[in-house]
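J.: Questions regarding the structure given below will be posed in turn.
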Amino acid sequence: MSLIALRNMTKIYPSGNQHITAVDELNLFIKAGEFAVLAGPSGSGKTTVLNIIGALDRPTEGAVAVDQCDYSEMSKKELADFRLRRIGFIFQSYNLIPVLTAAENAEFTLMLQGVPAEERRKRIEAIFAELGIDGLENRRPGDLSGGQQQRVAIARAIAPEPAVILADEPTANLDSHTAEDLLDLMRKLNREKGVTFLFSSHDQLVISHAQRVVHLRDGRLESDTRQDA
Amino acid sequence: METITLAWRNIWRSRRRTIITLIAISFSLMLVQGFHNLAFGVYAQMIDSGVRSGSGHIAVYRGDYATSRDDRLSWELAGLKEKVTTLDGVRAALPRVYLLGLAQSSRESRGILLTGIDPVAENDINPLLKKIDAPELIRSLNGRDALVGNRLLTELKLKIGNKFVVTAQGPGKELVSELFRIRGVVKSGIREVDNSLVMVGRERAARLIGGPDSVHELAVILEHPDLEDKLTGEITSLLGNRENLSAVSWEVAMANLANAIKLDYASQKFIFLIIVLIVTIGVVNTLLMSVMERIREFGVILAVGATPGRLRRMVITEAFLIGVISMLLGNLLGILLTWYLADVGIDLRRFVPETMEFGGVVFDPVMRAAWDFSYMIKMSLYVLVLSVIASLYPAAKAARILPAEAMRHF
Ligand SMILES: Nc1ncnc2c1ncn2[C@@H]1O[C@H](COP(=O)(O)OP(=O)(O)OP(=O)(O)O)[C@@H](O)[C@H]1O
Ligand SMILES: [Mg+2]
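Chains as they are written, first to last, in the working numbering: chain A, 924 to 1152; chain B, 124 to 533.
Right under this line is the structure:
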């Protein structure tokens, strides 16, 4: 049973009087517990695929199901709720709300779910310790390094225990050493807690850490390989 | 970390922009409150002076005397003055006789308004008698002592102590005359009064139109203007249906003054319009800019699962907080300004003659504010409500953000 299933998924962007086919009849299935990366050159459609899986955008054609849920008929509000409970997001940069502290940022998704403050604090405390950022709870994002910021974003993403974490080039703004640490951390979460990860990246470092590499070119699947990592 | 905390931190992100907006809104609230209270104080003082020299807060008239000023509409006092005076909240009841007539000295003659008064009752109330000891000058109700306007005195080419004759129309249209002696001069600053006033004992004037108990007006001065409605009712019931008498508000009896004030208040609507513009433009501008700067951030917030409604509420809460702060600050400043204007006032004596006239009433050249709390509260609430209304457009814009597109934004 696939956690994520894309069947003949096509995304066409209108652009002036032309159309850009960002994703072209893509078939992709990802199981729970995978640690996969969408690779490919710039413009190959990686972000578009992640956005559609993450219910931030709708496909032009084809079917998308995440966690056995087809959200083509959902309202904006239902989509928001779906994202809140089932999807974790980590973006390339500026992930965090600058006026909130690290802990408040991490708690944000739990707060949206209505988890009581006391429980939020406990859970975030444990997650911060696990991610090696304990002690930074009261810092604002502006006072954190890029790697620390991404860890806070990971904390926010895993706190509600989503079905999958989608990470769009999470290491693009980090130096290779920090990037490697972050990847190891996510791999650990994947192994020990079974959290499913789907990245996008054109960074060889990220690709080498992945368990499965899906290569895209011009919106089409070029190759799909499993590797030991 | 609820909406209000987040909104509070957000408004201080662009500290300078927020402070400028807060200052603009609070200053306009301060000015609106201060100037309204100044006008309110000046009008209150004018109304007070107007009712004292004129019809009182409430006047008793026969028929349509309030508008026609027909000399023949006189009536018998028959103890009404005493009955009204004993009512709770009445400071004084002043019976008066008014007669148009002709004053003649040996050399000149002028049209005048002969006014019969009770000097003892009028003395510490009527501002026309401010620097005058009326009971000392008009020594009895039916004597021949008279006070005249200062301009009339010079036009008649008379001096204090001189005699002159007043001729008027008696009840049967026959001409009746009476001799008076000038005992004092009234200088009000109102041209019409200074040109034509002749004040005499009421009973002497009344004899020209009938019996000594005849009057045209009973001017009732109240302890407080707000008692008007209550006492109009009580006086009306005292009148029964005697001789077509009725109790009339000063706004009817002194329509000139009432209209002048209404007109002047209307000009304040313009000032109010300015505050509406400042609040709206200030809030829309501030929030629209801050929403535009946060498109990517809003994209992230939406992506991680916030609903568009939550973003909308957050932006509206930001406006609400701006509204609350400027309301509090504006009120503080408005209170200080009103305080100053009530205590020190604006002294116009350097710019204008000793006395000023407005709507037929003299007013003090030192303008002083009075507290109109209900207006101040109303304006504060307007500021708050307007801030929230002005935020609806920026809030809607925030709620319309599409996360996938916002994420491509930097
Ligand atoms: N909103 C849009 N309107 C028009 N064209 C778009 C839009 N979003 C993406 N595209 C186009 O779709 C194609 C795929 O874009 P996408 O962002 O998915 O690529 P990507 O693989 O993530 O690239 P990168 O590595 O640069 O992030 C590109 O040609 C891009 O120009
Ligand atoms: Mg991309």
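Yeah, the Cβ is synthetic: ideal placement off N, Cα and C, and Gly gets one too.
So what's B:E416 in DSSP terms, helix, strand or just coil?
T.: In the structure shown, B:E416 sits in a helix (DSSP, three-state: H, G or I).
J.: Taking A:F958 as part of the alpha helix (DSSP H), name the residues at either end of that continuous run.
T.: Looking at the DSSP string, A:F958 is not in any alpha helix (DSSP H); the run it does join, the beta strand (DSSP E), is F958 to A962.
J.: Could you tell me which chain A residues have their CB closer than 8 Å to the CB of B:L129, listed as they occur along the chain?
T.: Under the 8 Å cutoff, chain A gives I1020, V1022 and L1023.
J.: For a test of the three-state rule: what should DSSP assign to B:G453, helix, strand or coil?
T.: Helix, per DSSP.
J.: So with Cβ pairs under 9 Å, would you call A:D980 a contact of chain B?
T.: So yes, A:D980 belongs to the interface.
J.: I need the straight-line Cα distance from B:N249 to B:V343, nearest angstrom please.
T.: When rounded, the distance between both Cα atoms is 12 Å.
J.: Using CA coordinates, which residue listed in B:W494, B:V506, B:G293 and B:G363 is at the minimum distance from B:W399?
T.: At residue 399 of chain B the sequence reads Val, which differs from the Trp that was named. When each option's Cα is compared against that of B:V399, the closest is B:V506.
J.: Taking the beta carbon of B:V496 as the centre, do at least 16 other beta carbons fall within 10 Å, making it buried, or is it exposed?
T.: According to the sequence displayed, residue 496 of chain B carries Phe and not Val. The residue in question, B:F496, is exposed, as its Cβ has fewer than 16 Cβ neighbours within 10 Å.
J.: B:E420 CB to nearest chain A CB: under 9 Å?
T.: By this cut-off, B:E420 is an interface position.
J.: Looking at ligand 2, does it come within less than 8 Å of A:K969, judged from the CB to the closest heavy atom?
T.: Indeed, a heavy atom of ligand 2 lies less than 8 Å from the Cβ.
J.: State the start and end residues of the unbroken beta strand (DSSP E) segment that holds A:H1138.
T.: Where A:H1138 is concerned, the enclosing beta strand (DSSP E) stretches over R1135 to R1140.
J.: Given the structure, does B:V508 come close to ligand 1, in the sense that its CB is under 8 Å from one of the ligand's heavy atoms?
T.: False, no ligand heavy atom lies under 8 Å from that Cβ.
J.: Between B:E420 and B:H347, what straight-line distance do the alpha-carbon atoms span, to the nearest angstrom?
T.: Their backbone Cα atoms lie some 60 Å apart in a straight line.
J.: Would B:L444 count as contacting chain A if we go by Cβ distances under 9 Å?
T.: For B:L444, the answer is no, since every Cβ of chain A falls outside 9 Å of its Cβ.
J.: Assuming A:P1121 contacts A:A959 under a Cβ cut-off of 8 Å, what Cβ separation, rounded to an integer in Å, is found between them?
T.: First, the amino acid is wrong: residue 1121 of chain A is Leu here, not Pro. Going by Cβ atoms, the distance from A:L1121 to A:A959 rounds to 5 Å, so yes, they are a contact pair.
J.: Can you pull the chain A residues whose beta carbon is under 8 Å from the beta carbon of B:A426, in chain order?
T.: The contacting residues are G977, L979, R1006, F1012 and F1014.
J.: Return yes when at least one heavy atom of ligand 1 lies under 8 Å from the C-beta of B:S137, else no.
T.: B:S137 Cβ: outside cutoff for every heavy atom of ligand 1.
J.: Output the residue ranges of the beta strand (DSSP E) runs that lie fully inside the segment 366-407 of chain B and measure 3 residues or longer, sorted by chain position.
T.: The qualifying runs are 368-372.
J.: Please check the pair A:I1010 and A:Q1073, which I expect to be a contact at CB under 8 Å, by giving their CB distance rounded to whole angstroms.
T.: With a Cβ gap of about 17 Å, A:I1010 and A:Q1073 do not count as contacting.
J.: Return the Cβ separation of B:V423 and A:N940 in integer angstroms, given the expectation that the two are a contact with Cβ distance under 8 Å.
T.: Not quite, the Cβ-Cβ distance comes to about 32 Å (not below 8 Å), so this is no contact.
J.: What span of residues does the beta strand (DSSP E) with A:F952 cover, start to end?
T.: Run containing A:F952: Q941 to I953, per the beta strand (DSSP E) assignment.
J.: If you reduce the DSSP assignment to three classes, tell me which class B:G202 lands in.
T.: Reduced to three states, the DSSP call for B:G202 is coil.
J.: Measuring CA to CA, which of B:G457, B:V511, B:V427 and B:W462 is closest to A:A1003?
T.: Ranking B:G457, B:V511, B:V427 and B:W462 by Cα distance to A:A1003 puts B:V427 first.
J.: Near A:E1103, what residues of its chain come up, given a Cβ to Cβ distance below 7 Å and the 5 sequence neighbours on each side ignored?
T.: The answer, listed in chain order, is L1128.
J.: Please list the terminal residues of the continuous alpha helix (DSSP H) segment that includes B:A215.
T.: Careful: B:A215 lies outside any alpha helix (DSSP H), inside the beta strand (DSSP E) at V213 to Q227.
J.: What's the call for A:Q1051, buried or exposed, on a 16-neighbour Cβ count within 10 Å?
T.: According to the sequence as given, residue 1051 of chain A is Phe; it is not Gln. With 16 or more Cβ atoms within 10 Å of its Cβ, A:F1051 is classed as buried.
J.: Which first and last residues belong to the alpha helix (DSSP H) in which B:L260 is found?
T.: B:L260 -> alpha helix (DSSP H) spans A257 to L260.
J.: Do A:D1126 and ligand 2 come close, with the Cβ less than 8 Å from some heavy atom?
T.: Checking every heavy atom of ligand 2 against the Cβ of A:D1126, none is found closer than 8 Å.
J.: Does A:R930 come out as helix, strand or coil in the three-state DSSP assignment?
T.: Strand, per DSSP.
J.: Give a yes or no on contact between the segment 315-335 of chain B and the segment 234-245 of chain B, applying the rule of three or more CB pairs nearer than 8 Å.
T.: Yes, they touch.
J.: Could you check whether the Cβ of A:P964 sits closer than 8 Å to any heavy atom belonging to ligand 1?
T.: Checking every heavy atom of ligand 1 against the Cβ of A:P964, one is found closer than 8 Å.
J.: May I ask which residues mark the beginning and end of the beta strand (DSSP E) holding A:F1051?
T.: Per DSSP, A:F1051 belongs to no beta strand (DSSP E); it is in the alpha helix (DSSP H), A1040 to L1054.
J.: Just checking: is the beta-carbon of B:E374 within a distance shorter than 9 Å of some beta-carbon in chain A?
T.: It does not: the Cβ of B:E374 has no partner Cβ on chain A nearer than 9 Å.
J.: Sort out for me which residues DSSP pairs B:L184 with in a bridge.
T.: Note that residue 184 of chain B corresponds to Tyr in the displayed sequence, not to Leu. Answer is B:S369.
J.: By the three-class DSSP mapping on this structure, what secondary structure does B:A426 have?
T.: Note: B:A426 maps to helix in three-state DSSP.
J.: Is the number of C-beta pairs between the segment 972-988 of chain A and the segment 936-952 of chain A that are closer than 8 Å three or more?
T.: Flag = yes, the segment 972-988 of chain A and the segment 936-952 of chain A touch.
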